[in-house]
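Residue numbers (our numbering): 42 to 160.
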């Protein structure tokens, strides 16, 4: 067993609040393709960042699953535009649906997120 000690009086840096929400995806419900590689994800980890001006912002999503050759693979998708003030244009609708599922499942902890399509 390890000895663990902790000292101090933690204070949140409000501009750095993040929440990561993981959701499991039913097999065969989503297929991703990038640069000729096909991924059948079974898990998505969505990162939300606190926004003092409004609802939480979905920053990124990392999909884990099986590649077409049967090996394990990960695909990370940046959800924010280059100025970090809105959704990245041109992302497939099913990616935003996964983000909305993650936000809905996190509703019990107070994350409010407005479904936004990047298109």
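Backbone N, C-alpha and C define an ideal beta-carbon position, used for all residues, glycine too.
Checklist line | Cβ-Cβ distance between residue 115 and residue 136 below 8 Å | finding: As a position in the chain shown, residue 115 is number 74, starting the count at 1. As a position in the chain shown, residue 136 is number 95, starting the count at 1. No. Outside cutoff.
Note to self: Using the three-state DSSP reduction, which class does residue 136 fall into: helix, strand or coil?
What the structure shows: The residue labelled residue 136 in the question sits at position 95 within the chain shown. In the three-state reduction of the DSSP assignment, residue 136 falls in the helix class, which pools H, G and I.
Checklist line | Supposed close pair residue 94, residue 121 - CB separation, criterion 8 Å | finding: Residue numbering aside, residue 94 sits at position 53 when the chain shown is read from its first letter. Residue numbering aside, residue 121 sits at position 80 when the chain shown is read from its first letter. Between residue 121 and residue 94 the Cβ distance is about 14 Å, and since that is not below 8 Å, they are no contact.
Check: For residue 51, does the count of other Cβ atoms within 10 angstroms reach 16, so buried, or fall short, so exposed?
Finding: Residue mapping note: residue 51 aligns to position 10 of the chain shown, counting from 1. Looking at its Cβ environment, which holds fewer than 16 other Cβ atoms inside 10 Å, residue 51 is exposed.
Margin query: With a threshold of 8 Å on Cβ separation, who are the neighbours of residue 118 within its own chain once the five nearest residues in sequence on each side are excluded?
Written below: Locating residue 118 in the chain shown gives position 77, counting from the first residue. For residue 118, where only same-chain residues beyond five positions count, the Cβ hits under 8 Å are 101, 102, 103, 104, 132, 136.
Checklist line | residue 59 - containing beta strand (DSSP E), residue span | finding: Here the question's residue 59 lines up with position 18 in the chain shown. Per DSSP, the unbroken beta strand (DSSP E) holding residue 59 starts and ends at 59-65.
Notebook entry, point to check: Could you give the residue range of the beta strand (DSSP E) that holds residue 117?
Noted result: Against the chain shown, residue 117 aligns to sequence position 76. For residue 117, the enclosing beta strand (DSSP E) stretches over residues 113-119.
Item checked: Selection from 89, 45, 48 that minimises the alpha carbon distance to residue 63 -> Indexing the chain shown from 1 puts residue 63 at position 22. Residue 63 has its Cα closest to that of 89, out of 89, 45, 48.
Note to self: Quick check on the burial criterion: 16 or more other C-beta atoms within 10 angstroms. Buried or exposed for residue 80?
What the structure shows: Here residue 80 refers to the residue found at position 39 when the chain shown is read from its first residue. Residue 80 comes out buried.
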